[in-house]
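Which chain is which? The protein sequence lines are B and G, in order.
The opening position of the first sequence corresponds to residue 1 in the working numbering, with each subsequent residue numbered one higher.
The opening position of the second sequence corresponds to residue 308 in the working numbering, with each subsequent residue numbered one higher.
Virtual Cβ for every residue (Gly too), placed ideally from N, Cα, C.
Protein chains: 2
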Amino acid sequence: MGLLVVGSVALDSVETPFGRIDDALGGSALFFASAASLLYQRVRVVGVVGRDYPMNGLDSLRARGVDLAGVTMADGESFRWAGRYGFDLSTRETLDTRLGVFAQFKPRIPEEFRESRFVFLGNIDPELQLDVLQQVRKPEFVACDTMNYWIQGAASRVSLLKLLKHVDCLMLNDSEIRELSGDWHIQRAARWVIAHGPRYVVIKKGEHGAVLVGEGNVFYVPAFPLEDVFDPTGAGDAFAGGFMAHIAKSGNTSPANLRLAMVYGSAMGSFAVERFSIQRFAEIGPQDVMARVRASQELVHFERDFE
Amino acid sequence: MGLLVVGSVALDSVETPFGRIDDALGGSALFFASAASLLYQRVRVVGVVGRDYPMNGLDSLRARGVDLAGVTMADGESFRWAGRYGFDLSTRETLDTRLGVFAQFKPRIPEEFRESRFVFLGNIDPELQLDVLQQVRKPEFVACDTMNYWIQGAASRVSLLKLLKHVDCLMLNDSEIRELSGDWHIQRAARWVIAHGPRYVVIKKGEHGAVLVGEGNVFYVPAFPLEDVFDPTGAGDAFAGGFMAHIAKSGNTSPANLRLAMVYGSAMGSFAVERFSIQRFAEIGPQDVMARVRASQELVHFERDFE
Numbered sequence: 001m002g003l004l005v006v007g008s009v010a011l012d013s014v015e016t017p018f019g020r021i022d023d024a025l026g027g028s029a030l031f032f033a034s035a036a037s038l039l040y041q042r043v044r045v046v047g048v049v050g051r052d053y054p055m056n057g058l059d060s061l062r063a064r065g066v067d068l069a070g071v072t073m074a075d076g077e078s079f080r081w082a083g084r085y086g087f088d089l090s091t092r093e094t095l096d097t098r099l100g101v102f103a104q105f106k107p108r109i110p111e112e113f114r115e116s117r118f119v120f121l122g123n124i125d126p127e128l129q130l131d132v133l134q135q136v137r138k139p140e141f142v143a144c145d146t147m148n149y150w151i152q153g154a155a156s157r158v159s160l161l162k163l164l165k166h167v168d169c170l171m172l173n174d175s176e177i178r179e180l181s182g183d184w185h186i187q188r189a190a191r192w193v194i195a196h197g198p199r200y201v202v203i204k205k206g207e208h209g210a211v212l213v214g215e216g217n218v219f220y221v222p223a224f225p226l227e228d229v230f231d232p233t234g235a236g237d238a239f240a241g242g243f244m245a246h247i248a249k250s251g252n253t254s255p256a257n258l259r260l261a262m263v264y265g266s267a268m269g270s271f272a273v274e275r276f277s278i279q280r281f282a283e284i285g286p287q288d289v290m291a292r293v294r295a296s297q298e299l300v301h302f303e304r305d306f307e
Numbered sequence: 308m309g310l311l312v313v314g315s316v317a318l319d320s321v322e323t324p325f326g327r328i329d330d331a332l333g334g335s336a337l338f339f340a341s342a343a344s345l346l347y348q349r350v351r352v353v354g355v356v357g358r359d360y361p362m363n364g365l366d367s368l369r370a371r372g373v374d375l376a377g378v379t380m381a382d383g384e385s386f387r388w389a390g391r392y393g394f395d396l397s398t399r400e401t402l403d404t405r406l407g408v409f410a411q412f413k414p415r416i417p418e419e420f421r422e423s424r425f426v427f428l429g430n431i432d433p434e435l436q437l438d439v440l441q442q443v444r445k446p447e448f449v450a451c452d453t454m455n456y457w458i459q460g461a462a463s464r465v466s467l468l469k470l471l472k473h474v475d476c477l478m479l480n481d482s483e484i485r486e487l488s489g490d491w492h493i494q495r496a497a498r499w500v501i502a503h504g505p506r507y508v509v510i511k512k513g514e515h516g517a518v519l520v521g522e523g524n525v526f527y528v529p530a531f532p533l534e535d536v537f538d539p540t541g542a543g544d545a546f547a548g549g550f551m552a553h554i555a556k557s558g559n560t561s562p563a564n565l566r567l568a569m570v571y572g573s574a575m576g577s578f579a580v581e582r583f584s585i586q587r588f589a590e591i592g593p594q595d596v597m598a599r600v601r602a603s604q605e606l607v608h609f610e611r612d613f614e
């Protein structure tokens with residue numbers, strides 16, 4: 001088995017209306033692994049950090065069984081991102097991006113990770129995502145994320161379209177799928193993606209939940225209605241972590257099981273936003289995740305008055 | 308029993324990316340009654356039209372048992388609204404509003420309507436909404452709509468807050484509840500409303516679905532994922548029509564039944580947007596509504612992997 005994630009391991013400086021934090025643990029691979037390791041014990045991370053990275057910050061992940069053998073340390077500074085959220089947390093401004101050692105990131109998958117059956121390709125250059133896939137022997141279910149930057153670039157768009165032929169599930173947000181497909185209508189855009197390779201597409205809509213389309217299914221999971229959202233950073237990657245961890249743990253890629261995976265993803269996204277960085281994941285256990293899955297079901301439950 | 312609706316009966320001129328229509332049947336009371344009469348046979352309308360109103364256009368409502376005895380004809384022109392939607396239908400511009408006889412509208416509830424147990428107060432001056440309530444003898448469940456115009460006006464806001472003490476359910480959209488409560492956060496805004504009178508609040512979020520909050524419940528219904536949305540006009544009033552008709556038909560105001568009422572409302576909203584004006588409601592029957600309720604349940608259905 002094994003669930004491999006390749007992505008960024010970063011230091012985030014974030015301002016929200018409720019506070020600020022500097023150089024906090026972040027990056028797509030870290031949010032993914034923090035969420036996934038609550039459900040599944042064989043999470044494997046590939047990424048790169050600089051000499052300045054506070055490696056002991058990752059002890060809580062190790063304690064949950066995350067294998068960090070694929071996180072290499074390179075000469076230079078760690079990837080840093082700084083951003084500020086608006087009063088209602090629905091808009092954000094990037095204040096600074098310093099790629100540091102991430103600029104030269106060429107993921108090399110350790111031999112013992114190459115048998116991983118489940119793979120998540122975090123948001124990096126689609127050329128690198130393709131390269132990672134070639135290093136994994138026979139993955140059973142591959143999901144990938146992307147972003148507008150790669151969709152807009154002429155060369156990276158070609159690579160992304162090539163990548164799509166090799167992944168089972170594309171995960172992206174609503175503005176990204178509109179841009180990728182050229183269609184503002186989410187349902188049609190999802191069909192466009194499926195015509196280009198993936199069997200499934202997951203559209204993340206932030207506070208408006210997420211949609212799974214594929215194999216004749218449309219499944220909707222609302223965002224969990226939190227009273228206090230603190231910092232939206234990493235919610236999408238935590239979602240991916242919950243989604244993929246449930247699939248890896250169950251070893252079941254049926255449409256019915258992918259529905260439940262969406263709910264685990266949504267639960268993890270809701271935890272991510274309750275604190276800065278990956279802090280919330282250190283406070284909770286599997287029982288908390290189960291409680292939120294139950295509450296998600298209650299949120300949409302109704303009985304029909306006819307057969 | 309009986310379900311009373313008081314609101315506008317208008318002529319709408321609408322431009323969407325897919326076409327345009329002039330002087331089509333519209334108004335909150337008409338969309339409400341078109342949807343409600345698919346589920347329930349004792350819908351009663353109170354409104355006003357001008358001498359120019361094409362009254363035979365209402366024959367399809369009469370055929371479904373809608374009692375139009377409360378629609379009076381006054382000297383002058385009918386209420387007209389003209390608007391244009393943007394390419395993705397999520398923004399709209401009002402091109403023209405001519406109140407006509409609606410400016411002098413003083414709803415007088417016919418004697419035979421005053422026993423109505425279920426009442427929907429469409430979006431009109433809260434003073435008039437209060438006046439309507441005083442004419443109804445002993446309503447069991449009263450819902451009302453409102454809009455930013457009444458929320459912003461100093462005098463109308465006072466009336467609206469007075470009205471809230473007498474209604475069971477406030478229905479409004481997300482921008483309206485934010486403005487009314489002064490809180491951008493939907494969950495807290497809902498609590499604010501409930502602290503001001505209504506037991507329930509329904510927040511309509513357009514393509515992002517609708518939320519019911521109240522009596523310790525939070526229930527979410529997604530918007531039905533349509534491939535083709537044609538004209539969003541009237542979706543909110545059609546939603547209200549489905550919601551109230553289910554409650555009136557069942558005579559059951561329990562939280563569990565209000566959940567199902569939300570789904571009927573959502574189904575009706577999804578039909579409203581498939582054609583111009585109230586056209587879609589003339590094409591469908593109860594079986595189509597039931598099919599959409601079933602599909603709504605399938606859309607959010609998942610099985611947990613634990614008790």
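Under the DSSP definition of a beta bridge, which residues are partnered with residue i?
i	result
Glu300(G)	Given that chain G is displayed from residue 308 to residue 614, the structure contains no residue 300(G) and the question cannot be resolved.
Arg44(B)	Leu4(B) and Asp67(B)
Tyr149(B)	In the DSSP output, where bridge partners are listed per residue, Tyr149(B) has none listed.
Arg92(B)	Tyr85(B)
Thr72(B)	Val48(B)
Thr97(B)	Trp81(B)
Gly548(G)	The partner list for Gly548(G) (beta bridge, DSSP) is empty, contrary to what the question assumes.
Would you decide whether residue i is buried or exposed? Buried here means 16 or more other CB atoms lie within 10 Å of its CB.
i	result
Phe243(B)	buried
Glu283(B)	exposed
Thr94(B)	exposed
Met1(B)	exposed
Glu215(B)	exposed
Phe425(G)	buried
Pro539(G)	buried
Phe32(B)	buried
Gly7(B)	buried
Phe537(G)	buried
Gly372(G)	exposed
Gly122(B)	buried
Pro198(B)	buried
Glu176(B)	buried
Taking CB distances under 9 Å as the criterion, tell me whether residue i reaches chain B.
i	result
Ser344(G)	no
Asp366(G)	no
Ile493(G)	yes
Asp296(G)	An answer regarding residue 296(G) cannot be provided, because it is not within the stretch 308 to 614 covered by chain G.
Phe448(G)	no
Arg566(G)	yes
Val509(G)	no
Phe578(G)	no
Met454(G)	no
Phe609(G)	yes
Ala563(G)	yes
Leu477(G)	no
Distance cutoff 9 Å, beta carbons only. Does residue i sit that close to anything in chain G?
i	result
Met290(B)	yes
Ser250(B)	yes
Pro225(B)	yes
Ile194(B)	no
Lys205(B)	yes
Tyr220(B)	yes
Gly3(B)	The question names Gly, yet the displayed sequence has Leu at residue 3(B). Closer than 9 Å: no.
Gly216(B)	no
His208(B)	yes
Phe118(B)	no
Gln41(B)	no
Met262(B)	yes
Please confirm if residue i has its CB atom under 9 Å from at least one CB of chain A.
i	result
His166(B)	Among the chains of the structure shown, chain A does not appear; the protein chains present are B and G.
(request) Spell out a yes or no on whether the segment 144-162 of chain B and the segment 36-49 of chain B are touching, meaning 3 or more CB-CB pairs, one atom from each, closer than 8 Å. (result) no
(message) For the structure I just gave you, are there three or more beta carbon pairs, one from the segment 143-150 of chain B and one from the segment 166-185 of chain B, closer than 8 Å?
(response) yes
(message) Under 8 Å, with one C-beta from each stretch per pair, do the segment 596-610 of chain G and the segment 529-541 of chain G reach the 3-pair mark?
(response) yes
(request) Would you check if the segment 276-296 of chain B and the segment 70-83 of chain B touch, i.e. whether three or more CB-CB distances between them fall below 8 Å? (result) no
(message) Would the segment 253-262 of chain B count as touching the segment 52-62 of chain B if we require 3 or more Cβ pairs under 8 Å?
(response) no
(request) Decide yes or no for the touch test of the segment 510-525 of chain G against the segment 243-254 of chain B: beta carbon pairs closer than 8 Å, at least 3 of them. (result) no
(message) Which complete beta strand (DSSP E) runs does the segment 456-542 of chain G hold, if anything under 3 residues is left out?
(response) 476-480, 507-511, 517-521 and 524-528
(message) Three or more C-beta pairs under 8 Å: does that hold for the segment 80-98 of chain B against the segment 14-22 of chain B?
(response) yes
(message) Between the segment 127-140 of chain B and the segment 104-119 of chain B, can you find at least three pairs of beta-carbon atoms closer than 8 Å?
(response) yes
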